[in-house]
Amino acid sequence: MKNVFVLCFVFISVLGFSQDRKGMGQNFVKAMFSEKEAEKAYTMFNGTIKDQLPLTDFKTVGSEIMGQVGPFKKILEVNSEEDTYYFYSEFEKSSLDVQITFNGENKIVGFYFVPHKEFAAEPKK
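Here the UniProt record's numbering is used: the first residue of the sequence shown is 1, the next is one more, and so on.
So this is what it looks like as structure tokens:
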């Protein structure tokens, strides 16, 4: 009985942990493409990223991407592999994944713009 309780607690904790990262990533993507919110997105980085990418440079990333693919419209779907999340995002001219990797402290340690990665559909029960 005790093992069942521990197993349920671990499962619920892991599920809640991934939901936090999903929400954080969605907020990051939306903030990155809003000039007024770029500083909010920047606070989600760990110190190493902040050392390598000053805020002034980060503020230009969103506008440079939008210069190529058009204005951000919405997030179409979210997938994950361990600590990395893929936010399939629609822009005016194209769609691509914003790939975000989190560390153990839920800080962003990497983000990339990559072609969309297809994930296998989860089997229906």
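No residue lacks a Cβ here, since even glycine has one placed at the ideal position from N, Cα and C.
When rounded, the separation of the alpha-carbon atoms in Arg21 and Asn103 is 10 angstroms. Taking C-alpha positions only, Asn106 is separated from Tyr42 by approximately 13 angstroms. With three or more CB-CB distances shorter than 8 angstroms, the segment 83-102 counts as touching the segment 22-29.
Within the segment 85-124, the runs of beta strand (DSSP E) that reach at least 3 residues and sit entirely inside it are, in chain order, 95-102 and 108-114. In this chain, the alpha helix (DSSP H) harbouring Leu55 covers Leu55 to Val69. Out of Met44, Ser80, Val69 and Pro54, the CA that lies nearest to the CA of Ala121 is found in Ser80. For a cut-off of 8 angstroms, the C-beta gap from Ser95 to Tyr88 is around 7 angstroms, short enough to register as a contact.
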